[in-house]
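Okay, so here's the structure we're looking at.
In the UniProt record's numbering, the protein residues as written are 1 to 396.
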């Protein structure tokens, strides 16, 4: 038999291994619940719709993945995302929460978040969440305008979302919601009314996102074939600017490109990502950063489930970051924060100055008024925030 010319693949690292002696264990953990009632036309997340028969197998597979850990870990933040985690029944949610508590202990004063959609979020589901220590609820409202919600293929009405906010506030002091702007057919007046409605609600946090047409989604296909039209760039820019002005004026401080919070209510879990710190992650499509290795679980939900039912590790990809890659990622992520990157702390952490590492990119973007140095921190300018993705990508 002829020898193969295909080189051997490098061995898959143990991304569940005990942290090296020279580094602390991650203090954050993410769980991905990939189930929804409906896949919205703009969504490219890892999920399946109307396949609830997979949920019991998913929970068993998750139990097997968690069994890879060497001990129970204390963490400062837990985040359950999706998908729609609250699409699970109350009993299934209780099982999920028990699995988590078997392997992770939330430190005193820690943050325990879960994502939810307004549709189907009843007291039967809210109660076990509160009982298990969940203290932050993130609602996928997206809009309060029924026409916009119809375009986005959301399953709730605007009034229903408002009712859910007040019901959830009875159990969760820390309440966040997501809003989308730049939706086809959405006018500036409609967006302003959405912001006004949000500011009247008892919220501690708001995230705003410009609609994107991701390849592989139904919206991308419709845009390509002309049955859906993107809003003009100038209108989308004005909508983002209005969000910054209105939310800041209402006491929701702009602290990251897409995020606004009242004092002491910034999302602590997401700040782990933006600080380029390490974190655990479990479930299909979940991305983790442990022991200097970034890895992503298999994105195909059935593949991930079937692998873990046989106790087989199911990774999509992995990368061991070298010192320069780690430093560049810290720039890429850190610039998302409105406060930017503390240059002295960056140099102390990585052993080189940001200017030595990426001087050309730095000079180019400062000259273009995309970046500025204020109080010894590098940050996006007000203009730079409008093109943040291209600015931060220049440092990778």
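Ideal Cβ placement from N, Cα and C applies to all residues, glycine included. Quick caveat, the model's predicted, so the values are computed rather than measured.
Please classify residue i: is it buried, with 16 or more other beta-carbons within 10 angstroms of its beta-carbon, or exposed?
{"i": "residue 256", "result": "buried"}
{"i": "residue 186", "result": "buried"}
{"i": "residue 322", "result": "exposed"}
{"i": "residue 115", "result": "buried"}
{"i": "residue 65", "result": "buried"}
{"i": "residue 311", "result": "exposed"}
{"i": "residue 371", "result": "buried"}
{"i": "residue 382", "result": "exposed"}
{"i": "residue 123", "result": "exposed"}
Could you check the C-alpha separation between residue i and residue j for me, to the nearest Å?
{"i": "residue 17", "j": "residue 112", "result": "24 Å"}
{"i": "residue 46", "j": "residue 170", "result": "31 Å"}
{"i": "residue 137", "j": "residue 44", "result": "22 Å"}
{"i": "residue 172", "j": "residue 164", "result": "12 Å"}
{"i": "residue 176", "j": "residue 142", "result": "11 Å"}
{"i": "residue 407", "j": "residue 217", "result": "No information on residue 407 is available, as it lies outside the stretch 1 to 396 that the chain covers here."}
{"i": "residue 263", "j": "residue 254", "result": "11 Å"}
{"i": "residue 24", "j": "residue 75", "result": "11 Å"}
{"i": "residue 390", "j": "residue 324", "result": "20 Å"}
{"i": "residue 108", "j": "residue 78", "result": "13 Å"}
{"i": "residue 80", "j": "residue 34", "result": "10 Å"}
{"i": "residue 341", "j": "residue 357", "result": "14 Å"}
{"i": "residue 343", "j": "residue 376", "result": "6 Å"}
{"i": "residue 83", "j": "residue 221", "result": "21 Å"}
Apart from the five residues just before and just after residue i, which ones in its own chain have a Cβ nearer than 6 Å to its Cβ?
{"i": "residue 140", "result": "117 and 178"}
For residue i, which option in the options has the closest C-alpha, if you only look at C-alpha atoms?
{"i": "residue 196", "options": "162, 389, 297 and 225", "result": "162"}
{"i": "residue 291", "options": "297, 303, 277 and 282", "result": "277"}
{"i": "residue 244", "options": "302, 219 and 209", "result": "209"}
{"i": "residue 401", "options": "301, 215, 349 and 280", "result": "Absent from the structure is residue 401, since the part of the chain shown begins at 1 and ends at 396."}
{"i": "residue 150", "options": "54, 345, 41 and 360", "result": "41"}
Does the Cβ-Cβ distance between residue i and residue j come in under 9 Å?
{"i": "residue 97", "j": "residue 132", "result": "yes"}
{"i": "residue 386", "j": "residue 241", "result": "yes"}
{"i": "residue 61", "j": "residue 331", "result": "no"}
{"i": "residue 355", "j": "residue 362", "result": "yes"}
{"i": "residue 337", "j": "residue 379", "result": "yes"}
Please work out which residues of its chain come closer than 8 Å, Cβ to Cβ, to residue i, disregarding the five sequence neighbours upstream and downstream, and give them in chain order.
{"i": "residue 229", "result": "184 and 223"}
{"i": "residue 299", "result": "46, 284, 285 and 316"}
{"i": "residue 145", "result": "158, 186, 190, 193 and 194"}
{"i": "residue 365", "result": "371, 384, 391 and 394"}
Grab me the residues of residue i's own chain with a C-beta within less than 7 Å of its C-beta, minus the 5 sequence neighbours each way, in chain order.
{"i": "residue 49", "result": "36, 37, 38 and 39"}
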